[in-house]
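These notes concern the structure reproduced below.
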Amino acid sequence: MRLKDKKVIALVDEEFEDLELWYPVMRLREEGAAVDLVGKEAGKTYMGKYGVPAQSDLAFTEVDAESYDGILVPGGWAPDKLRRYPEVLQMVRHMHETKKPIGQICHAGWVLISAGILRGVKVTSTPGIKDDMTNAGAFWKDEAVVVDGHIISSRRPPDLPPYAKAYADVLAGE
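For the sequence shown, the positions run 70 to 243 when the working numbering is used.
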């Protein structure tokens with residue numbers, strides 16, 4: 070299992086896009102990575118847009134980003150909430166500064182925008198936030214997956230297979 074020694078943060082809050090959280094989490098776990106669901110409160114059950122629950126393992130305040138190898142930000146409406154937490158923005162900035170993989174899909178780009186890390190980066194997202202992404206200085210592309218160094222981005226659920234593979238590949242150092 071090529072990811073057996075890797076640890077990843079998967080952010081969670083109310084109204085995450087169910088598949089955009091669970092598909093990458095399961096894919097990484099299948100390859101041996103330890104993935105912790107991290108929300109505002111530890112042990113809280115957050116509900117996805119379509120009713121799939123996710124119980125957080127840890128609270129934002131309990132996480133030492135230094136001890137993780139990457140971070141996943143799901144889409145849905147959760148990113149609009151997640152970007153309001155200073156701890157989340159600090160985690161994302163830490164991953165960016167240390168060049169650890171940052172996965173973002175759909176509306177998750179809002180979190181990276183609020184963290185101030187997209188200037189000059191090639192990305193994709195749901196077309197609905199294309200203007201937000203470009204106004205933050207990113208170079209937006211309408212592609213299923215865009216990998217720019219350690220930032221892996223994707224548009225929407227139909228793009229999940231190539232997105233999760235690309236994230237796993239970057240996490241594995243390939």
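From the three backbone atoms N, C-alpha and C, an ideal C-beta is built for every residue, glycine too.
This structure is a prediction, so every number in the text was calculated from the model and none was measured.
Just measuring C-alpha positions, the residue of L97, H176, D82 and E86 sitting nearest K73 is L97.
DSSP places L72 in the coil class of the three-state scheme, outside both helix and strand.
Going by DSSP, I220 is part of the beta strand (DSSP E) stretching over I220 to S223. Beta-bridge pairing by DSSP links W209 to V192.
Around the beta carbon of S125, 16 or more other beta carbons lie within 10 angstroms, which makes this residue buried. If you check the CB distance, Y115 and A103 do not come in under 8 angstroms.
For the pair R71 and R188, the Cα-to-Cα distance works out to about 32 angstroms. Taken through DSSP and simplified to helix, strand or coil, L90 comes out as helix.
Taking C-beta separations shorter than 8 angstroms and ignoring five residues to either side along the sequence, the partners of L240 in its chain run L72, K75, V77, L97, A102, D138, G139 and P170, following chain order. Straight through space, the alpha carbons of K191 and I221 are spaced by roughly 9 angstroms.
When rounded, the separation of the alpha-carbon atoms in E89 and R152 is 17 angstroms.
If you draw a straight line from the Cα of K113 to the Cα of E166, it is about 30 angstroms long.
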